[in-house]
Amino acid sequence: MITKEQFLNYCSYPIKALSSKNFYFDVLFRMKGFGLLYLLALCVILTIPASVKINHVLEIFRGIELPRIVAMIPPSYVAQDGSFRPLSEDNSYKEIFTTDGTLAVVYNVKDQPLSENAQKAIVELNSKTISVKAPTQKTVVKYTDLVTTGTNFDPLETSNVVDAIFGLAVPFVFVFLLCWFFCILVFNSLVMAVLSKFLFVFVGKIKTSFGNTLRLCSFANTIVGILLLVELILNVKLPFNLIMLLPMVYMILFVRNFRSELEKNGVEEFVRKYTPQGTTIKNYDSESTQTSRRDISDFTDGLDSTTNKGRTTVEDSIENQSDTEQRQEEKNSETSEGSTNAKTNSKSSDNSGDGPGYFAP
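Residue numbers for the sequence shown follow my numbering, beginning at 179 and rising by one.
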């Protein structure tokens, strides 16, 4: 059962993901398995205001008898230059009214000057855009934002589709928007996770798993979801490619901060400061073919191991007392001198000189 404090903490995740560099240490070390679940929860939250907005627009269209109105629009197509053109040039201008005499649509693909009465139409179809006039604002959408060039517009077929959509409006819009948000954020997280693998290696000189970078990028994509919602609600246009690259800014800042904290604090202090309580550090065998290194071997929720290349000798002060007693009992129980020697040499010093090396799962 989730407590009130836990619920409030979960609700603060999007704010922390947007504003706190240190929050990403918690994501890395304490939130294994939360990445895609977080994205799904975020998408549900974003979908609620987005679906309210879309359903409001659909109500306006329902009020003007949209299926019947659509069936009266002349057959048209979207040309290669993105313009909307009639199949017959004689049908380049048409005014369409509702049953109560309200001017609903002006079909004006030749961009002719409109009369004062025609300017009051709820919807205007001109050569490049669709303009929808709501009571509080005007929404303008390019044809190429809706369909690809070369698409044909069949009024009767489109009218049937619109009628079916109205019949399933509320649940259909919610599910569609949820899938739209989730697919965009998951895809972008996957791409950013791949790029972040290289970022960790070449910028942070740190190795980590794809699962770790995917989890970090899932939280970093919060900014993408927020901006997509702002575009939808406020009808503003932002460069899509720029929005998709913003999580990489968060990853660069985190990797630089990670490296800086590691070098400033040293491995032991870094482990005590950022990893879950009880995380231990162990030394590799001095006779091992691997470079001498200190290993966060008991940590399972994030990065598992580290080399400490080039640092002065550090004592294993954070080994817990029970491990020490267990090793002593094992030594006392040995009857073979060779076995005793092997146990005695099982700890090595960490004796390099210039900073931490690699973290790896």
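Glycine included, each C-beta is placed from N, C-alpha and C at the ideal position. These numbers were taken from a predicted model, which means no experiment stands behind them.
Over what stretch of residues does the beta strand (DSSP E) that includes residue i continue unbroken?
i    : result
A282 : 281-286
Y271 : 271-275
T317 : 316-320
Give the DSSP-derived three-state secondary structure of residue i in the structure shown.
i    : result
P264 : strand
K306 : coil
I180 : coil
F212 : coil
T336 : helix
S254 : strand
N366 : helix
T327 : coil
K311 : strand
V381 : coil
V414 : coil
L236 : helix
Compare the beta carbon distance of residue i and residue j with 8 Å and say whether it is the shorter of the two.
i    : j    : result
N269 : P252 : yes
L355 : A228 : yes
S387 : S367 : no
V433 : L377 : yes
G403 : L220 : yes
T329 : Y216 : no
K155 : F203 : In this structure the chain extends from 179 to 539, so residue 155 is not present and cannot be described.
R450 : I384 : no
Rounded C-beta distance between residue i and residue j? I'm assuming under 8 Å.
i    : j    : result
Y285 : I274 : 7 Å
P425 : M370 : 5 Å
V340 : V248 : 6 Å
V379 : N233 : With 8 Å as the limit, V379 and N233 do not qualify as a contact, their Cβ atoms being about 47 Å apart.
Hey, quick one: how far does the alpha helix (DSSP H) through residue i stretch, first residue to last?
i    : result
K199 : No alpha helix (DSSP H) contains K199, which DSSP labels as neither H nor E.
A398 : 388-398
L244 : 244-249
Review point. For the stretch 345-361 against the stretch 214-231, are there 3 or more C-beta pairs whose distance is under 8 Å?
Key: yes
Check your understanding: On the three-pair Cβ rule with 8 Å, is the stretch 235-246 touching the stretch 197-213?
Key -> no
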